[in-house]
Each structure stands twice: as structure tokens, then as C-alpha cells.
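Using this note's numbering, the first residue of the sequence shown is number 1350, and each one after it goes up by one. Even glycine gets a Cβ: it sits at the ideal position worked out from N, Cα and C. These numbers come from a predicted model, not from an experiment.
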Amino acid sequence: MSERMVQQFMEMVQIESESGNEAKMMAYLLKACAEAGGEAALDTYGNLIARFPAAGCTGKAPFLLSCHADTVKPGAGIKPVLDKGVVRSSGDTILGADDKAGIAEVLEALRTAKVRPPIEFAVSRQEETGLQGVKNLDFSRLTAKRGFLMDNDTLDTIVIGGPSYFAIDVKVTGRSAHAGMEPEKGINAIQASARAIAALKLGRLDSGTTANVGVIQGGLIRNGVPETCTFLAECRSSEHEKAARLAEETVAIIRREVEAYGAKAEIKCDNLCRAVKISENAWPVQLAKKSLRKVGVEAKCIFITGFTDASIYNNHGIEMAVVGIGARDEHTTHESVAVADMEKTVQVLHEAFRIAAE
1350 MSERMVQQFM
1360 EMVQIESESG
1370 NEAKMMAYLL
1380 KACAEAGGEA
1390 ALDTYGNLIA
1400 RFPAAGCTGK
1410 APFLLSCHAD
1420 TVKPGAGIKP
1430 VLDKGVVRSS
1440 GDTILGADDK
1450 AGIAEVLEAL
1460 RTAKVRPPIE
1470 FAVSRQEETG
1480 LQGVKNLDFS
1490 RLTAKRGFLM
1500 DNDTLDTIVI
1510 GGPSYFAIDV
1520 KVTGRSAHAG
1530 MEPEKGINAI
1540 QASARAIAAL
1550 KLGRLDSGTT
1560 ANVGVIQGGL
1570 IRNGVPETCT
1580 FLAECRSSEH
1590 EKAARLAEET
1600 VAIIRREVEA
1610 YGAKAEIKCD
1620 NLCRAVKISE
1630 NAWPVQLAKK
1640 SLRKVGVEAK
1650 CIFITGFTDA
1660 SIYNNHGIEM
1670 AVVGIGARDE
1680 HTTHESVAVA
1690 DMEKTVQVLH
1700 EAFRIAAE
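Shown next as C-alpha cells:
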């Protein structure tokens, strides 16, 4: 089992699929799902939705499994290496275990399960850039009302909720001038931006609330007062109202500080995800706990301030628990996944299938 799964995983991570560039990966998955006995198609946004018939049971409700196909940067030219039971990237790239380890585990579980209810398998695009794929998913093609999102890292935690998330894009416009000959005629957009950023509340603001500025770009030449500067900020909280207030406050501070410097600010603030939490007693959560216990893992429920496709599913009335896939150090060049954890995850899925089919 593991040799075939690991080989497929290592094939998949070599298919470039940075967010927005998932077409080759989706084409691969259309074929892989068909080879595993399913019927798969893409919706109008390019998300994949596959169906697999029941095995060893009849009349059971369908069960949804979901992953995402895209990866973060640097995700081009990945060369995976298997060393002492652990798969890593050999170069200056991520590995792509987030979330291709999850996809490989699902496909292996579907190939090898002797008993399973009808399975629906959804693989989204552009998860890493604001859950764009699942937000545009054709939900009319899904009939399952509960399931697992295979996109958590460790097996001993089950994610039952995620935050409200606001993305704040800022363009600051000042006035250009020669930095040596007549700097007094200019308005430095970088300095105006820096003034605004310095006034913001950033980092962990409380146990469920964070804020950050992750990107700043400005200027063209060393000896010119820069006319424009852009920066990308975010805020998130486990409480929607708190996140909304923080976003409003952030926008107001940026505008005040930029204008006080004599520049102008164009600000776009988008609520990309609304906070949601399911009960620890919810059916998929209890199913995950029972299935993990079968492989010797006592899992605890957690709420994270990262966000996943599960937030969108849960807001659409499809109850989803986020289950671990074994990935470590995601979004870094140190990312890895242990084959033993991948094998355990397949066993967890087998047990979940068996219980759901009873």
C-alpha cells in the first residue's frame, strides 16, 4: 500500500500547481479518480468533484472528503526525496504535502477500502489565496451533508473552527521628485506607508485575534522620491464582530496616517471568511475521534486562527471536521511528511468508512 501511495504522492508534488496554476494538477486528478473507480469532472471554476460508489453496503448517506490542489510559493521545480521514511524537498522549495499528502491518502483509501459508503471527493483551487476555489464551488453537485476536510497537519488534533478573516490591500500615492536635487517637492509614498504601518496593532492581540502586514512594495529607483507604495495587511479573529471592528479600525488608522503625511490612500477591505465553529459532539468530529483511536491516537479538538475550506463548507450547511494528514512545517522549505503518518491516515479513513457504512 505505502509504496504505491508514496510513489503517487511524489509524482503529484512534481506537478507545478502554485495558486492559480492548477490546471495540470486537475487534469492528473481527473485521470487518477477514474483509475480509482470514480467519476470525476470539473465545475465552471475548475474545482474537481468526483463520486465513488458504495462498497460492501447499500442505502447509506454519502460522505464528503475534501482537499485542495494548489500550493504556496516557492512551489515550482519541486524535487522530492524519500529518506528514512520521511519525504522532503531536495531544493529551495516547499514540498507540497499541504495538501497533496491528503490527496494521496484519500486516493489510496478509496482504492483499498473493502467497505465504504458512497463517497464524494471535492478538490478545490486557490485555497491558499483566500479560499477562492471553494467559494466558487458548484455546491449543487454535492449531496453529502457531512465529512472530513483532509488539511490539518498533526493527527492528534481535529480542527472544529476557524476565524473571520479580512484582507486589506492598500495603495499609497504621494508625489515623485529627484531625491538629491529637489526632495522637498516630493511626497514619499514609502515613508507615508511606513508611518501608517507603524501605527497599527500587529501580531497576536488576544488568544483568538491576530493582525499582520505581510507585503510592502514601492519605489523604482534609489535616487527618486517614490510616488507610489502598496502593502497587504490582514486581520482575523474567532469572533466575527471583533474581526470586523479591527478591520474598520485598521482602515481608519491607515487613512489617517497617510493623509497626515500629505499622501492619499486607496484601500480595499474584503471579508474573505466568516468565523464558524461546529460542536465537539458533531457526527464527523466524533467519527474522526473514534477512527483515530483505532490507530492509537487520542485526538483533541482545537479552534485555529488559520482558515481552511471547512469554514466555507460549514457556512454552507455541510458539517466538516478538519483531520490531520501528517504534514510538518507547511509553507516552508523544511516541509516534510512521514510515510508512517500517511499510512495511519489511510487506516483512519478505512475505519471512518467502516463506521459510516454500518
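Does the beta-carbon of Leu1486 have 16 or more other beta-carbons within 10 angstroms, so that it is buried, or is it exposed? buried
Going by DSSP, what residue range makes up the beta strand (DSSP E) through Phe1580? Counting along the chain, the unbroken beta strand (DSSP E) around Phe1580 starts and ends at Thr1577 to Ser1586.
Can you give me the start and stop residues for the alpha helix (DSSP H) that Thr1393 sits inside? Run containing Thr1393: none; DSSP gives neither H nor E here.
Which stretch, first to last residue, makes up the alpha helix (DSSP H) that contains Ser1660? Asp1658 to Asn1664
Which term fits Ile1570, buried or exposed, when burial requires 16 or more other beta carbons within 10 angstroms of its beta carbon? exposed
Span separating the alpha-carbon of Ala1593 from that of Arg1553: 16 Å
Coarse secondary structure for Ala1516, derived from DSSP in three states: strand
Would you give the residue range spanned by the alpha helix (DSSP H) that Val1634 belongs to? First-last of the alpha helix (DSSP H) with Val1634: Trp1632 to Lys1643.
Per-residue DSSP class, three states only, for His1699: helix
According to DSSP, what are the bridge partners of Cys1622? Per DSSP, the beta bridge partners of Cys1622 are Tyr1514.
Which word fits Leu1501, buried or exposed, when buried means at least 16 other C-beta atoms lie within 10 angstroms of its C-beta? The identity of residue 1501 in the sequence shown is Asn, whereas the question assumes Leu. Looking at its Cβ environment, which holds 16 or more other Cβ atoms inside 10 Å, Asn1501 is buried.
Quick one, are the C-beta atoms of Ile1517 and Thr1599 less than 8 Å apart? yes
So, is Arg1585 buried or exposed, given that buried needs 16 or more other C-beta atoms within 10 angstroms? buried
Where does Gly1451 sit, in a helix, a strand or coil, going by DSSP? helix
Tell me whether Gln1475 sits in a helix, a strand or coil according to DSSP, three-state version. coil
Exposure label - Thr1657; buried when at least 16 CB within 10 Å: buried
Could you tell me which residues DSSP puts in a beta bridge with Met1669? Gly1496
Taking the alpha carbon of Cys1406 as the point to measure from, which residue in Glu1588, Pro1467 and Thr1393 has its own alpha carbon closest? Residue Pro1467 is the option with its Cα nearest to Cys1406.
Suppose you measure from the CA of Ile1364 to the CA of Lys1373; what does that come to, to the nearest Å? 7 Å
Which residue comes first and which comes last in the alpha helix (DSSP H) that contains Lys1373? Its alpha helix (DSSP H) spans residues Ala1372 to Glu1384.
Okay, do the segment 1519 to 1533 and the segment 1674 to 1691 touch, 3+ Cβ pairs below 8 Å being the bar? No, the segment 1519 to 1533 does not touch the segment 1674 to 1691.
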